[in-house]
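*Asks:* Using the UniProt record's numbering, the letters of the sequence shown correspond one by one to residues 1 to 877.
We treat Cβ as the ideally placed atom computed from N, Cα and C, and that holds for glycine.
I'd like to ask you about the structure that follows.
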Amino acid sequence: LGSRSPVSVRRGRRAMSARARCGLAGSRAQPLAPLWCFSAALGMLWSPVSQAFNLDVERLTVYSGPDDSYFGYAVDFYIPDARTASVLVGAPKANTSQPDIVEGGAVYYCPWPAEGSAQCKQIPFDTTIGSRFLDNRKIRVNGTKEPIEFKSNQWFGAAVRAHRGNVVACAPLYHWRTLKPTSEKDPVGTCYVAIQNFSAYAEYSPCRNSNADPEGQGYCQAGFSLDFYKNGDLIVGGPGSFYWQAQQLVFLSQQYIIANYSFKDILRKLAREKQTDVAPASYDDSYLGYSVAAGEFTGDSQQELVAGIPRGAQNFGYVSIINSTDMTFIQNFTGEQMASYFGYTVTVSDVNNDGMDDILIGAPIFMEREFESNPKEVGRVYLYLQSSPLIFRDAQVLTGTKVFGRFGSAVAHLGDLNQDGYNDIAIGAPFAGKDQQGKVLIYNGNKDGLNIKPSQILQGAWASQAVPSGFGFTLRGDSDIDKNDYPDLLVGAFGTGKVVVYRARPVVTVDAQLLLNPVIINLENKTCQIPDSMTSVACFAVTVCASVAGQSISNTIALTAEVQLDSLKQKGAIKRTLFLDNHQSHLIFPLVIRRQKALQCQDLIVYLRDETEFRDKLSPINISLNYSLDESIFKEGLAVKPILNYYRVNAVSEQAHILVDCGEDNICIPVLKLSARPDKDQVIIGDENHLMLIINARNEGEGAYEAELFVMIPEEADYVGIERSNKGLRPLSCEYKMENVTRMVVCDLGNPMVAGTNISLGLRFAVPRLEKTNVSINFDLQIRSSNKDNPDSNFVSLQINITAVAQVEIRGVSHPPQIVLPIHNWEPEEEPHREEEVGPLVEHIYEMHNTGPSTISETLLEVGWPFSSRGEFLLYI
Numbered sequence: 001l002g003s004r005s006p007v008s009v010r011r012g013r014r015a016m017s018a019r020a021r022c023g024l025a026g027s028r029a030q031p032l033a034p035l036w037c038f039s040a041a042l043g044m045l046w047s048p049v050s051q052a053f054n055l056d057v058e059r060l061t062v063y064s065g066p067d068d069s070y071f072g073y074a075v076d077f078y079i080p081d082a083r084t085a086s087v088l089v090g091a092p093k094a095n096t097s098q099p100d101i102v103e104g105g106a107v108y109y110c111p112w113p114a115e116g117s118a119q120c121k122q123i124p125f126d127t128t129i130g131s132r133f134l135d136n137r138k139i140r141v142n143g144t145k146e147p148i149e150f151k152s153n154q155w156f157g158a159a160v161r162a163h164r165g166n167v168v169a170c171a172p173l174y175h176w177r178t179l180k181p182t183s184e185k186d187p188v189g190t191c192y193v194a195i196q197n198f199s200a201y202a203e204y205s206p207c208r209n210s211n212a213d214p215e216g217q218g219y220c221q222a223g224f225s226l227d228f229y230k231n232g233d234l235i236v237g238g239p240g241s242f243y244w245q246a247q248q249l250v251f252l253s254q255q256y257i258i259a260n261y262s263f264k265d266i267l268r269k270l271a272r273e274k275q276t277d278v279a280p281a282s283y284d285d286s287y288l289g290y291s292v293a294a295g296e297f298t299g300d301s302q303q304e305l306v307a308g309i310p311r312g313a314q315n316f317g318y319v320s321i322i323n324s325t326d327m328t329f330i331q332n333f334t335g336e337q338m339a340s341y342f343g344y345t346v347t348v349s350d351v352n353n354d355g356m357d358d359i360l361i362g363a364p365i366f367m368e369r370e371f372e373s374n375p376k377e378v379g380r381v382y383l384y385l386q387s388s389p390l391i392f393r394d395a396q397v398l399t400g401t402k403v404f405g406r407f408g409s410a411v412a413h414l415g416d417l418n419q420d421g422y423n424d425i426a427i428g429a430p431f432a433g434k435d436q437q438g439k440v441l442i443y444n445g446n447k448d449g450l451n452i453k454p455s456q457i458l459q460g461a462w463a464s465q466a467v468p469s470g471f472g473f474t475l476r477g478d479s480d481i482d483k484n485d486y487p488d489l490l491v492g493a494f495g496t497g498k499v500v501v502y503r504a505r506p507v508v509t510v511d512a513q514l515l516l517n518p519v520i521i522n523l524e525n526k527t528c529q530i531p532d533s534m535t536s537v538a539c540f541a542v543t544v545c546a547s548v549a550g551q552s553i554s555n556t557i558a559l560t561a562e563v564q565l566d567s568l569k570q571k572g573a574i575k576r577t578l579f580l581d582n583h584q585s586h587l588i589f590p591l592v593i594r595r596q597k598a599l600q601c602q603d604l605i606v607y608l609r610d611e612t613e614f615r616d617k618l619s620p621i622n623i624s625l626n627y628s629l630d631e632s633i634f635k636e637g638l639a640v641k642p643i644l645n646y647y648r649v650n651a652v653s654e655q656a657h658i659l660v661d662c663g664e665d666n667i668c669i670p671v672l673k674l675s676a677r678p679d680k681d682q683v684i685i686g687d688e689n690h691l692m693l694i695i696n697a698r699n700e701g702e703g704a705y706e707a708e709l710f711v712m713i714p715e716e717a718d719y720v721g722i723e724r725s726n727k728g729l730r731p732l733s734c735e736y737k738m739e740n741v742t743r744m745v746v747c748d749l750g751n752p753m754v755a756g757t758n759i760s761l762g763l764r765f766a767v768p769r770l771e772k773t774n775v776s777i778n779f780d781l782q783i784r785s786s787n788k789d790n791p792d793s794n795f796v797s798l799q800i801n802i803t804a805v806a807q808v809e810i811r812g813v814s815h816p817p818q819i820v821l822p823i824h825n826w827e828p829e830e831e832p833h834r835e836e837e838v839g840p841l842v843e844h845i846y847e848m849h850n851t852g853p854s855t856i857s858e859t860l861l862e863v864g865w866p867f868s869s870r871g872e873f874l875l876y877i
């Protein structure tokens, strides 16, 4: 999935080269056109955020162009005045009606709103006689007309930009041949300017001259990149000049290009144009001007030029700030990884709204390395925040997650999409997602830069057979096409010939409140009678209030409010409350706000159950309010409906408390003490090992609510039960539980465990599994309560030693039972050849027995025997 790459077929001082590569240089044989190198590593998908923010993904406007024309390769908004809006689309492989020209490329005008059968219309840039498109210009050579320009495959529409009522579109692969007999056609590039709502056109090819050569401007490819200063002056990048050192060209105004324009003036030069100069040969193949932008970085209100140089700095890539007056280089930003194409795209935006322009730089083939042998190409975008003139903070880095997705191929300034006071950014990953359908990620700005997680991920909806759809390959924002005071976004998908208009939805910010009265409830004060009942219970009042704010929203907003009681209680626990007269713990009701910032309220009554019906008296009663927009009140046919603010939690919670006997402050502070001992100091491996823990639990402070004793059981032991035969030990209610992989015994000590409580109890355990244990096992104990202050006791850990006890016996038999020396009538052989000739065999058989109870290991049997007698060898093994 290669990058765009300018042509670089070398002549003269360097050998000719026609290379097609993935990544580093893209396709040189097919200049500028995308090169795709498919890989099987296409598994990981981005996970979209749980809630999309305010770009409307349901009511889309989709423009389509001719098949295989790359319609959508370049896009821009065209908003010449407050009443008119439309979309400009470049289709660099489109066929036109120009004679003898194949895939000359075109730019289309797509009306807004796209109603009925309204179709995009081709803009007649390249015409001077009626509506007829002109073919290649020719000159007469030796009586024969020969072409001197070549518009086939020129990629007209590869770059399109609009500024107020003026439009510029370029053909960076437009070829030109000089008048010299030996000259070849060279990709000098050309651009067309249209002013005053397409009332006048002019062509300008800044690198076209009478001495085209790769050492000069012959391979310029002017119009490869394109942008405007805020005053309308034009910036054109030509990355192929001077052996692909490239150059930047700045025209003072589009009107100046139009003035005195003549179609016949082929080699027209403008005296007021500016350009960067040729550099030493070490800067060859650096691609200056691969991307361009304009911003203010010196504090003088005069904008500077920003240019991407993705193959400079020994292929690490860098981006330069260039003085727009004298075209000198002021400051550089250098990439962190070779061949990441740092500077592939560059965008200027005041992200943190501090009044100073910031710079965003894309490096779409950055590789993230989990292991040195397994790099993953994911792409990166770098944000440099300007803190003072020409002083920038360290880069904030956003990294793609989809391998080969080309995150950072396009970066667009969106303006303040959600009206929170900070500018937002769109980043394209045109080859990410299912079937490489592409994604666009929206990052919202804040005072410190960009949020690290996208607020919205736009998914490409079209698959393409021949090439990936390229959804997100080109982006354009910061224009309000539907006039709702929120900026909108254009996304091109050139592989399927689509352009999508995403409109921003108005953002509603809700200020919600919950008011409780009283906040401490006395269970004995049973002043409320449940409706349709003779039962009187304790109660308290809840007031729900809300107001809304947001730009360009209607005067009436309806919220759907849901109030829940005890929503934080464990699932299945008995709730402590009744809600109004429906005996439910939650209620859903509408809350209509008639005008912005006006506070609307609704009162509710919350009833408590009888205190014998619930256990928890100490922990607070949680009342939560969740709200959502009720879209049913919006007018039918409303083009873009509002949405709740993504960065405001759409829930509010408050707490009420039950009055407990804990002094004037209604706060119980227990002092829990715990001690424990085993009835034996050690257990024996292999024995039955019945063990009892004798435990003492005390409360020397105020009441401890929902007090429980927790005993963590080691894996070697099993819980047997409570000791009931000893009158000094109290038989409590205890149960065995297992949470995850932790086994425990939990005993109820009271609700509350009142002050002065002193409880002793015994818990019995069996310890059958000791064979694989070390030298001891541990029982961990603690008392826990639901009190907010000082809820737990001291932690006790009982260590029980493990002992091995074994009775080992040895028995044996000898064959023969005895031997008398010297051996009667036996003489040794002088040269024995068999064992029998050395002497008779003595064989011992030993039996070893372990009568337990413990298993033993690493047992050693030592055998000693007489090996000599009177200086002679006697026995050998």
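1. To the nearest angstrom, how far is the alpha carbon of P590 from that of C545?
2. If contacts are defined as beta-carbon pairs under 8 Å, then T347 and A293 qualify, I think. What distance do you get, rounded to the angstrom?
3. Leaving out five residues before and five after Y341 in sequence, what residues of the same chain have Cβ atoms less than 7 Å from its Cβ?
4. By DSSP's criteria, T61 is part of a beta bridge. Which residues make up the other side?
5. Count the other CB atoms, across all protein chains shown, that sit within 10 Å of the CB of F867; report buried if there are 16 or more and exposed otherwise.
6. So, under 8 Å CB-CB, S86 and W112 are touching, yes? Tell me the CB distance rounded to an integer number of Å.
7. Quick check: what's the CA-CA separation for residue 961 versus T527?
8. Scan the UniProt repeat "FG-GAP" (393 to 452) and note each continuous beta strand (DSSP E) run of 3 residues or more that stays entirely inside, going in chain order.
9. If you compare alpha carbons, which of G232, G238, Q196 is closest to R208?
10. How would you label Q302, buried or exposed, when you count the other beta carbons within 10 angstroms and need 16 or more for buried?
11. Can you tell me whether DSSP reads A202 as helix, strand or coil?
12. At the level of alpha carbons, what is the spacing between V548 and Y647?
13. I'd like to check one pair, G812 with E835: are the Cβ atoms closer than 8 Å?
14. Answer yes or no: do G189 and S210 have a C-beta to C-beta separation smaller than 8 Å?
15. For the candidate residues L390, F392, M367, whose alpha-carbon lies nearest to that of K402?
16. Go ahead and label S814 buried or exposed: buried means 16 or more other beta carbons lie within 10 angstroms of its beta carbon, across all protein chains shown.
17. Could you give the distance in angstroms between the alpha-carbon of A29 and the alpha-carbon of D394?
18. Could you spell out the range, first to last residue, of the beta strand (DSSP E) harbouring N332?
19. Could you give the distance in angstroms between the alpha-carbon of N231 and the alpha-carbon of R476?
20. Tell me, which residues are paired with A294 by DSSP?
21. Based on the DSSP output, what are the partners of residue 881 in its beta bridges?
22. For F125, which residues from the same chain have a beta carbon less than 7 Å from its beta carbon, with the 5 sequence-adjacent residues on both sides left out?
23. Please state whether DSSP places T345 in a helix, a strand or coil.
24. Suppose you measure from the CA of L729 to the CA of G852; what does that come to, to the nearest Å?
25. Can the beta-carbon of P187 be found closer than 8 Å to that of G240?
26. Could you check whether the Cβ of L693 sits closer than 7 Å to any heavy atom belonging to the ligand GDP?
27. What would DSSP say about Y876, mapped onto helix, strand or coil?
28. Give a yes or no on whether the C-beta atoms belonging to A429 and G449 are separated by under 8 Å.
29. Exposed or buried, what is R380 when buried is set at 16 or more other beta-carbons lying within 10 Å of its beta-carbon?
30. Between which two residues does the alpha helix (DSSP H) holding A313 run?
31. Taking only runs of the beta strand (DSSP E) that begin and end inside the region 743 to 819, which ones reach a length of at least 3 residues, in chain order?
32. If I'm right that G223 touches A159 with Cβ under 8 Å, what's the distance once you round it to whole angstroms?
33. Just to confirm before moving on: does the CB-CB distance between I802 and Q655 stay below 8 Å?
34. My parser needs the beta strand (DSSP E) runs of 3 or more residues fully inside the UniProt domain "Integrin alpha first immunoglubulin-like" (504 to 660); what are they?
35. Grab me the residues of E611's own chain with a C-beta within less than 6 Å of its C-beta, minus the 5 sequence neighbours each way, in chain order.
36. Label P389 either buried or exposed according to how many other C-beta atoms from any shown protein chain fall within 10 Å of its C-beta, with 16 as the threshold for buried.
*Replies:* Looking at the coordinates:
1. Residue 590 sits at position 590 when you count from the first residue of the sequence shown. Residue 545 sits at position 545 when you count from the first residue of the sequence shown. Roughly 12 Å separates the two Cα atoms.
2. For the purposes of this step, residue 347 is identified with residue 347 of the sequence shown, where counting begins at 1. For the purposes of this step, residue 293 is identified with residue 293 of the sequence shown, where counting begins at 1. Confirmed, Cβ separation roughly 6 Å.
3. As a first step, residue 341 must be located in the sequence shown, where it is residue number 341. Listed in chain order, the non-local C-beta contacts of Y341 below 7 Å within the same chain comprise S3, P310, G317, A363, P364, I365, local neighbours out to five positions each way being set aside.
4. For this step, residue 61 is matched to residue 61 along the sequence shown. Answer is V501.
5. On the sequence shown, residue 867 is found 867 positions in, with the first residue counted as 1. Taking every protein chain shown into account, the CB of F867 has fewer than 16 other CB atoms within 10 angstroms, so this residue is exposed.
6. For the purposes of this step, residue 86 is identified with residue 86 of the sequence shown, where counting begins at 1. For the purposes of this step, residue 112 is identified with residue 112 of the sequence shown, where counting begins at 1. So it is a contact: roughly 5 Å between Cβ atoms.
7. Nothing about residue 961 can be read from this structure; the chain reaches only from 1 to 877.
8. The UniProt repeat "FG-GAP" (393 to 452) contains these whole beta strand (DSSP E) runs: 396 to 399, 410 to 415, 424 to 429, 439 to 443.
9. One-based indexing of the sequence shown puts residue 208 at position 208. The shortest C-alpha separation from R208 is found at G238.
10. Numbered from 1 along the sequence shown, position 302 holds the residue referred to as residue 302. Exposed is the call here.
11. Within the sequence shown, numbered from 1, the residue matching residue 202 stands at position 202. DSSP places A202 in strand when its eight states are reduced to three.
12. The count along the sequence shown starts at 1 and reaches residue 548 at position 548. The count along the sequence shown starts at 1 and reaches residue 647 at position 647. When rounded, the distance between both Cα atoms is 15 Å.
13. Within the sequence shown, the letter at position 835 stands for residue 835. Within the sequence shown, the letter at position 812 stands for residue 812. At a Cβ-Cβ threshold of 8 Å, E835 and G812 do not count as neighbours.
14. Locating residue 189 in the sequence shown gives position 189, where the first residue counts as 1. Locating residue 210 in the sequence shown gives position 210, where the first residue counts as 1. With contacts defined by Cβ atoms closer than 8 Å, G189 and S210 do not form a contacting pair.
15. Here residue 402 refers to the residue found at position 402 of the sequence shown. The shortest C-alpha to C-alpha distance from K402 to any of L390, F392, M367 is the one to M367.
16. For this step, residue 814 is matched to residue 814 along the sequence shown. With fewer than 16 Cβ atoms within 10 Å of its Cβ, S814 is classed as exposed.
17. For the purposes of this step, residue 29 is identified with residue 29 of the sequence shown, where counting begins at 1. For the purposes of this step, residue 394 is identified with residue 394 of the sequence shown, where counting begins at 1. Bear in mind that a pLDDT of 32 at A29, under 50, signals an unreliable position, so the number given afterwards is only what the model happens to contain. If you draw a straight line from the Cα of A29 to the Cα of D394, it comes to about 38 Å.
18. Counting from 1 along the sequence shown, the entry for residue 332 is found at position 332. 329 to 334 is the extent of the beta strand (DSSP E) around N332.
19. On the sequence shown, residue 231 is found 231 positions in, with the first residue counted as 1. On the sequence shown, residue 476 is found 476 positions in, with the first residue counted as 1. Approximately 19 Å between the Cα atoms of the pair.
20. Locating residue 294 in the sequence shown gives position 294, counting from the first residue. In the DSSP output, where bridge partners are listed per residue, A294 has L305.
21. Summary: the structure shown does not reach residue 881, with the chain confined to residues 1 through 877, and so no result is reported for it.
22. Translated into the one-based positions of the sequence shown, residue 125 becomes position 125. These residues qualify, in order along the chain: V107, A169, Y192, A194, Y201.
23. Here the question's residue 345 lines up with position 345 in the sequence shown. In this structure, T345 counts as strand in the three-state DSSP scheme.
24. In the sequence shown, the residue the question calls residue 729 occupies position 729. In the sequence shown, the residue the question calls residue 852 occupies position 852. The alpha-carbon atoms of L729 and G852 are separated by roughly 35 Å.
25. If you number the sequence shown from 1, residue 187 lands on position 187. If you number the sequence shown from 1, residue 240 lands on position 240. Yes.
26. With respect to the ligand GDP, the structure offers nothing, as it holds no ligand at all.
27. Start at 1 with the first residue of the sequence shown, and residue 876 comes out as number 876. DSSP places Y876 outside both helix and strand once states are collapsed to three, so it counts as coil.
28. Counting from 1 along the sequence shown, the entry for residue 429 is found at position 429. Counting from 1 along the sequence shown, the entry for residue 449 is found at position 449. Their beta carbons are not under 8 Å apart, which means A429 does not touch G449 by this criterion.
29. By 1-based counting over the sequence shown, the position of residue 380 is 380. It counts as buried.
30. One-based indexing of the sequence shown puts residue 313 at position 313. For A313, the enclosing alpha helix (DSSP H) starts and ends at 312 to 315.
31. Qualifying beta strand (DSSP E) stretches, in chain order: 758 to 766, 776 to 784, 796 to 803, 806 to 815.
32. Position 223 of the sequence shown, counted from the first residue, corresponds to residue 223. Position 159 of the sequence shown, counted from the first residue, corresponds to residue 159. About 5 Å separates the two Cβ atoms, so the contact holds.
33. Taking the first residue of the sequence shown as position 1, residue 802 is located at position 802. Taking the first residue of the sequence shown as position 1, residue 655 is located at position 655. Taking 8 Å as the Cβ cut-off, I802 and Q655 do not qualify as a contacting pair.
34. Secondary structure remark: continuous beta strand (DSSP E) runs of at least 3 residues inside the UniProt domain "Integrin alpha first immunoglubulin-like" (504 to 660), in chain order: 507 to 517, 539 to 549, 557 to 565, 577 to 579, 586 to 593, 600 to 608, 621 to 629, 651 to 658.
35. One-based indexing of the sequence shown puts residue 611 at position 611. Excluding positions up to five away in sequence, the list reads L523.
36. Taking the sequence shown and counting its residues from 1, the one referred to as residue 389 is at position 389. Residue environment analysis places P389 among the exposed positions, since fewer than 16 neighbouring C-beta atoms fall within 10 angstroms of its C-beta.
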